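First up is the structure itself, then whatever we jot down about it.
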Amino acid sequence: MEKMLLKIENIYYDYKENNDLLPVLAEINISVKRGEFICIIGPSGCGKSTLFNILVGLEKPDKGRIFLKGEDITGTRGHIAYMPQRDLLFPWRTVMENVLLGVEIKKENLQKAYQEAEKLIPLFGLKGFENHYPDQLSGGMRQRAALLRTVLTHNDILALDEPFGALDALTRTTMQEWILSIQEKLDKTILFITHDIEEAILLADRIIILNGRPGRITDKLKIDLQPPRCRTDKVFVDYREKLLERLSAEDDFNKNTETSRRE
0 MEKMLLKIEN IYYDYKENND LLPVLAEINI SVKRGEFICI IGPSGCGKST
50 LFNILVGLEK PDKGRIFLKG EDITGTRGHI AYMPQRDLLF PWRTVMENVL
100 LGVEIKKENL QKAYQEAEKL IPLFGLKGFE NHYPDQLSGG MRQRAALLRT
150 VLTHNDILAL DEPFGALDAL TRTTMQEWIL SIQEKLDKTI LFITHDIEEA
200 ILLADRIIIL NGRPGRITDK LKIDLQPPRC RTDKVFVDYR EKLLERLSAE
250 DDFNKNTETS RRE
């Protein structure tokens, strides 16, 4: 049996405010193989971003454990690279200064990181823009700079929280194709949050559906499509309909459950 790179085991998390507890996540179990591209989809408020915060050590679960290469990393930082929804580039730093920020914070060898960044800059479509500032870049270029900063942390797993959500449709399509090529060239494992069903089918080896309050994994779907994937392909359309049906069914169940509780 293939050894898992990452195991998320029975995670529970409650949001605490004063003396009140709001259940956010329950019974979250995910196993990830090296080199997989996994998309997590679900409606707003189901705990997707909270799950990532727990995964990268920004929050600690109330119950459950996270294992990376067999090591318990629950509640600790620095093991999984994280890129939030916004690029968070500092406007007063150049592209090169921004991509080296993580290395500076970790107090690693800056000269070595600079040399590595120089080699990766063309691959990330930023050649000639090293000394530009964020407000001089397009939306797609800002996201590529933020992703390069994430890659330079040298973690095996990248956790990307809706990285293309704020981009226009044309740029988003270009970025979707680009990130697949980057994953293959850099041999990374990617966990990717999205609201976009088609984006998930285009990118993922597996799709995990998170739904409800508290958020639970309600379904997992393996995408058996060879690249390049086409949105108009019959099998692609079938996957889309299947996911829409499963998400709608869960949404109706959640609404009925909430109504029953009120009654």
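Residue numbering for the sequence shown follows numbering that gives the first Met the number 0, beginning at 0 and increasing consecutively. Backbone N, C-alpha and C fix where the C-beta goes; we use that ideal spot for every residue, glycine too. This structure is a prediction, so every number in the text was calculated from the model and none was measured.
- From what residue to what residue does the beta strand (DSSP E) around R64 run? Taking the sequence shown and counting its residues from 1, one reaches residue 64 at position 65. In the DSSP assignment, R64 falls within the unbroken beta strand (DSSP E) covering K62 to L67.
- Message: Looking only at its chain, what residues have a beta carbon closer than 6 Å to the beta carbon of E26, apart from the 5 residues adjacent to it on each side?
- Response: Translated into the one-based positions of the sequence shown, residue 26 becomes position 27. A distance below 6 Å between beta-carbons, with the five flanking residues on each side excluded, links E26 to the following residues of its chain, in chain order: R215.
- Does the Cβ of R143 have 16 or more other Cβ atoms within 10 Å, making it buried, or fewer, making it exposed? Residue numbering aside, residue 143 sits at position 144 when the sequence shown is read from its first letter. Looking at its Cβ environment, which holds 16 or more other Cβ atoms inside 10 Å, R143 is buried.
- In chain order, what residues of the same chain have a beta carbon less than 6 Å from the beta carbon of K187, not counting five sequence neighbours either side? Position 188 of the sequence shown, counted from the start, is the residue given in the question as residue 187. Hits under 6 Å: L157.
- Message: Need the endpoints of the beta strand (DSSP E) that Y11 sits in, please.
- Response: Position 12 of the sequence shown, counted from the start, is the residue given in the question as residue 11. DSSP places Y11 in the uninterrupted beta strand (DSSP E) bounded by L5 to E16.
- Terminal residues of the alpha helix (DSSP H) in which A144 lies: As a working note, residue 144 is residue 145 in the sequence shown. From DSSP, the alpha helix (DSSP H) with A144 extends over G138 to V150.
- Query: Q175 to K15, Cα distance in whole Å?
  - Reply: For this step, residue 175 is matched to residue 176 along the sequence shown. For this step, residue 15 is matched to residue 16 along the sequence shown. Rounded to whole angstroms, the gap between the alpha carbons of Q175 and K15 is 36 Å.
- Which two residues bound the contiguous beta strand (DSSP E) that contains Y81? Translated into the one-based positions of the sequence shown, residue 81 becomes position 82. Taken as a continuous stretch (DSSP letters only), the beta strand (DSSP E) holding Y81 covers A80 to M82.
- Query: Is the segment 131 to 148 close to the segment 55 to 64, with three or more CB pairs under 8 Å?
  - Reply: Segments in contact, no.
- Item | Strand pairing of P22, partner residues [DSSP] | If you number the sequence shown from 1, residue 22 lands on position 23. DSSP lists D13 as partners of P22.
- Query: Do you know how far the Cα of L202 is from the Cα of L179?
  - Reply: For this step, residue 179 is matched to residue 180 along the sequence shown. For this step, residue 202 is matched to residue 203 along the sequence shown. Rounded to the nearest angstrom, the two C-alpha atoms are 7 Å apart.
- Query: Can you name, in chain order, every residue of its own chain whose Cβ lies under 8 Å from the Cβ of S266, other than the five neighbours on each side?
  - Reply: In this structure the chain extends from 0 to 262, so residue 266 is not present and cannot be described.
- What three-state label does DSSP hand A248 in the structure shown? As a first step, residue 248 must be located in the sequence shown, where it is residue number 249. Of the three classes helix, strand and coil, the one that applies to A248 here is helix, per DSSP.
- Taking only the alpha-carbon atoms, compute the straight-line gap between A165 and G46 and give it to the nearest angstrom. Numbered from its first residue, the sequence shown carries residue 165 at position 166. Numbered from its first residue, the sequence shown carries residue 46 at position 47. In a straight line, the C-alpha of A165 is about 20 Å away from that of G46.
- Message: My output table needs one value for F51: the three-state DSSP class, helix, strand or coil.
- Response: Mapped onto the sequence shown, residue 51 falls at position 52. DSSP places F51 in helix when its eight states are reduced to three.
- Task: Compare the beta carbon distance of C38 and R239 with 9 Å and say whether it is the shorter of the two.
- Result: One-based indexing of the sequence shown puts residue 38 at position 39. One-based indexing of the sequence shown puts residue 239 at position 240. It is not a contact, given that the beta carbons lie outside the stated cut-off.
- Considering only the beta carbon of each residue, do S196 and I40 sit closer than 9 Å? Your numbering for residue 196 matches position 197 in the sequence shown. Your numbering for residue 40 matches position 41 in the sequence shown. A small fix is needed here, since residue 196 is Ile in this sequence, not Ser. Here I196 is near I40, since their CB atoms are less than 9 Å apart.
- Task: Give the DSSP-derived three-state secondary structure of I196 in the structure shown.
- Result: By 1-based counting over the sequence shown, the position of residue 196 is 197. Residue state, collapsed to three classes: helix.
- Task: Evaluate D237 with the Cβ neighbour count: other Cβ atoms within 10 Å of its Cβ, from every protein chain shown; 16 or more gives buried, anything less gives exposed.
- Result: Within the sequence shown, residue 237 is the residue found at index 238, counting from 1. Result: exposed.
- Message: Taking a contact to mean a Cβ-Cβ separation below 9 Å, would you say I79 touches N154 in this structure?
- Response: For this step, residue 79 is matched to residue 80 along the sequence shown. For this step, residue 154 is matched to residue 155 along the sequence shown. Yes, the Cβ-Cβ distance between I79 and N154 is below 9 Å.
- Query: By how many angstroms is the C-alpha of G139 removed from the C-alpha of R245?
  - Reply: Locating residue 245 in the sequence shown gives position 246, where the first residue counts as 1. Locating residue 139 in the sequence shown gives position 140, where the first residue counts as 1. Just so you know, the alpha carbons of R245 and G139 end up roughly 32 Å apart.
- Task: Using DSSP bridges, identify the partner residues of G214.
- Result: Here residue 214 is taken as the residue at index 215 of the sequence shown, counted from 1. As a beta-bridge residue in DSSP terms, G214 pairs with L24.
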